[in-house]
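Asker: Dropping a structure here in structure tokens format, bear with me for questions.
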């Protein structure tokens, strides 16, 4: 039998306390223990990015992270991104540009795109392509996803200009 | 299957070394290699899983005594964002720029990349070329002891290093290259993102009039460990890099490599890549 460990962390702005098996991944913890199924299991080895989450302000593959390593840290999942302003811009842009087909890669892409836009508010196509190289989509061929992220970046930039004005 | 019996997250190097001394410890840093390796059974967990994330001595990038000390926990993203690394250790910076994906660069650590000791490990090849050494700490008799090991002696086989089980890799120290030193990192894969190298090359030198000085060449994924190509360096050292000299260097490199055939490339293809791409990389280096 494997050991368990008590951990405490912030998840989408809410403090959580949990007991997790030591070898469990953060992805399993989110999906199986906390019922947050927006974060997807794709490949389980960091190739596909469907499980992308934000930890302490940077995106990581939840499938490669040990749940115990969440202790003391700040996690944001697609459920948290979805209710943010950046998430709203991304959702609208993904719909308007037809960037969703089967939808399985979408949560990971939206989380990665939100991080990308935060780091590079003026991201051009090259920066966007580079930023999503860890996210696989088997349906769209990426064109519409790149267009959607560019549109969301523009909407976010305009939003913050209005905010300043 | 024996599982993990205890989880530890020490917050000092002393404590981490004590846990290691007690034995049967799996060290966790970024987790990006450990998780898939333990899930598919390539690596078995020891009875203690020790997360070193909170050990402050493993953090930070700083220049001291003619070298850059990079803490074992420094992530690939932190290396990319470091002006010191970008300006003074360009070969390492370039390799980080080719490393996996944003998500993995944000989690993966340089210490983990070194201890994982893959023959194709991206940071290993430039660190070898730059003459780096690892700093290993242990606490055998009640006080911390530290030793430094040059990377050539650290890698002993695929996935194997000369780190003793009771030792922790604390940092890697990279001597600052001489003024005027310029280098290029090249990685050959089948796609630009998230690929494991079929081969990789880190080469650098400085120009002195018409000749090359301080030539450094390291090669990845062409032997059981990443290798420093010292005989190839000797062919170029103090010589003018004309076409005949570059061909002689490429031939020397072919004598130094021992590639295998695997899913990424055949041994024949790896040799062709080394011969042709080393000449191209060296040509670029001469133009820098």
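Chains as they are written, first to last, in this note's numbering: chain A, 1 to 165; chain B, 1001 to 1288.
Think of the CB as a built atom: it goes at the ideal place given N, C-alpha and C, for glycine as much as any other residue.
Keep in mind it's a predicted model, so treat the numbers as computed, not measured.
Who are the near neighbours of residue 127(A) in its chain, counting only those whose CB is closer than 8 Å to its CB and skipping five residues on each side?
Answerer: Here the set comprises 116 and 120.
Asker: Can you tell me whether residue 1056(B) is buried or exposed, with buried defined as 16 or more other CB within 10 angstroms of its CB?
Answerer: Counting Cβ neighbours within 10 Å, residue 1056(B) comes out exposed, since fewer than 16 surround it.
Asker: Any C-beta of chain A within less than 9 Å: which residues of the region 1089-1102 of chain B qualify?
Answerer: Hits within the stretch, in order: 1100, 1101 and 1102.
Asker: Which first and last residues belong to the beta strand (DSSP E) in which residue 40(A) is found?
Answerer: It is not in any beta strand (DSSP E) - residue 40(A) carries neither H nor E in the DSSP assignment.
Asker: Identify, in the order they occur along the chain, each residue of the same chain with its Cβ nearer than 7 Å to the Cβ of residue 38(A), setting aside the five sequence neighbours on each side.
Answerer: The residues are 77, 78, 79 and 107.
Asker: Does the distance from the C-beta atom of residue 1246(B) to that of residue 1279(B) stay below 8 Å?
Answerer: In contact: residue 1246(B) and residue 1279(B) (Cβ atoms closer than 8 Å).
Asker: Could you give the distance in angstroms between the alpha-carbon of residue 1001(B) and the alpha-carbon of residue 1042(B)?
Answerer: Because the pLDDT at residue 1001(B) is just 48, under 50, the model does not fix this residue reliably, and the point stays unresolved.
Asker: Skipping 5 residues on each side, what residues in its chain have a beta carbon closer than 6 Å to that of residue 164(A)?
Answerer: Confidence in residue 164(A) is poor, its pLDDT being 49 and thus under 50, which makes the residue's placement unreliable; the coordinate value appears in the next sentence. Nothing meets the Cβ criterion.
Asker: Looking at chain A, is there any beta carbon in it that lies within less than 8 Å of the beta carbon of residue 1203(B)?
Answerer: So, not an interface residue.
Asker: Classify residue 1268(B) as buried or exposed, calling it buried when 16 or more other Cβ atoms lie within 10 Å of its own Cβ.
Answerer: Exposed.
Asker: Is the region 1061-1068 of chain B touching the region 1178-1185 of chain B in the sense that three or more CB pairs, one from each, lie closer than 8 Å?
Answerer: No, the region 1178-1185 of chain B is not in contact with the region 1061-1068 of chain B.
Asker: Contact between the region 1201-1211 of chain B and the region 1122-1139 of chain B: three or more CB pairs below 8 Å?
Answerer: At 8 Å Cβ cutoff, the stretches touch.
Asker: Using a cut-off of 8 Å between C-beta atoms, extract the partners of residue 1051(B) located in chain A.
Answerer: The contacting residues are 66, 68 and 69.
Asker: Does the region 136-152 of chain A come within contact of the region 1002-1019 of chain B, defined as at least 3 CB pairs closer than 8 Å?
Answerer: Touching, no.
Asker: Answer yes or no: do residue 1051(B) and residue 60(A) have a C-beta to C-beta separation smaller than 8 Å?
Answerer: No, the pair does not count as a contact, with Cβ atoms beyond the cut-off.
Asker: Using 8 Å for Cβ pairs, my map puts residue 1108(B) next to residue 1075(B). What's the rounded Cβ distance?
Answerer: The Cβ separation is near 6 Å, so the contact holds.
Asker: Is the CB of residue 47(A) under 8 Å away from at least one CB in chain B?
Answerer: So, interface residue.
Asker: Quick check on residue 55(A): buried or exposed, where buried means 16 or more other Cβ atoms within 10 Å of its Cβ?
Answerer: It counts as buried.
Asker: Nearest CA to the CA of residue 1159(B): which residue from 1198(B), 1248(B), 1226(B) and 1144(B)?
Answerer: Of the listed residues, the one whose Cα sits closest to residue 1159(B) is 1226(B).
Asker: Answer with yes or no whether the minimum CB distance from residue 1005(B) to chain A is below 8 Å.
Answerer: Answer yes: the Cβ-Cβ gap between residue 1005(B) and chain A drops below 8 Å somewhere.
Asker: Name the chain A residues whose beta carbon is nearer than 7 Å to that of residue 1194(B)?
Answerer: Residues of chain A passing the Cβ test: 47, 133 and 134.
Asker: Hey, out of 1114(B), 1060(B), 1121(B) and 1283(B), whose CA is closest to residue 1195(B)'s CA?
Answerer: Per the Cα distances, 1121(B).
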